[in-house]
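Visitor: Let me give you the structure first, and then I'll get to my questions.
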Amino acid sequence: MGIIDNINKLFDHRIRLGIMSILMVNDDADFNRLKELLDVTDGNLASHIKALEKAEYILVEKQFIGRKPNTKYSATKLGKAEFKKHINALESLIKKKP
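For the sequence shown, the UniProt record's numbering puts the final residue at 98, and the numbers step up evenly by one.
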């Protein structure tokens, strides 16, 4: 197995990396919180969320708070496992001696 085999292409983009990082240390986060923390546009965030949802790395929960729609996100077991593998692969790569 090569040193970069566990680096996950889905986490290559800084926004998807940011989303997963936030969801790894929080039980969940809503759309506006992710948008604020990552300083991105609605459309940009939505497209990256969709990619992570399609891979089943995040769970999307839509609800209403009063009359306002609220969408919150959480990392799935698969998403957490894949993200940990990705981070471990990066750490191994950094620590690799030539």
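Using N, Cα and C, we set each Cβ at its ideal position, and we do this for glycine too.
Pull up the distance between the alpha-carbon of E56 and that of S74, whole angstroms please.
Guide: Translated into the one-based positions of the sequence shown, residue 56 becomes position 56. Translated into the one-based positions of the sequence shown, residue 74 becomes position 74. Rounded to the nearest angstrom, the two C-alpha atoms are 11 Å apart.
Visitor: Mind checking who D39 pairs with in its DSSP beta bridge?
Guide: Position 39 of the sequence shown holds residue 39. The partner list for D39 (beta bridge, DSSP) is empty, contrary to what the question assumes.
Visitor: What first and last residue would you give for the beta strand (DSSP E) that runs through E61?
Guide: Start at 1 with the first residue of the sequence shown, and residue 61 comes out as number 61. Unbroken beta strand (DSSP E) run through E61: 58-65.
Visitor: Roughly how many angstroms separate the alpha carbons of K50 and D28, rounded to a whole number?
Guide: The count along the sequence shown starts at 1 and reaches residue 50 at position 50. The count along the sequence shown starts at 1 and reaches residue 28 at position 28. One C-alpha to the other measures close to 16 Å.
Visitor: Can you tell me the Cα-Cα spacing of I22 and I4, whole angstroms?
Guide: The residue labelled residue 22 in the question sits at position 22 within the sequence shown. The residue labelled residue 4 in the question sits at position 4 within the sequence shown. Those two C-alpha atoms are separated by around 24 Å.
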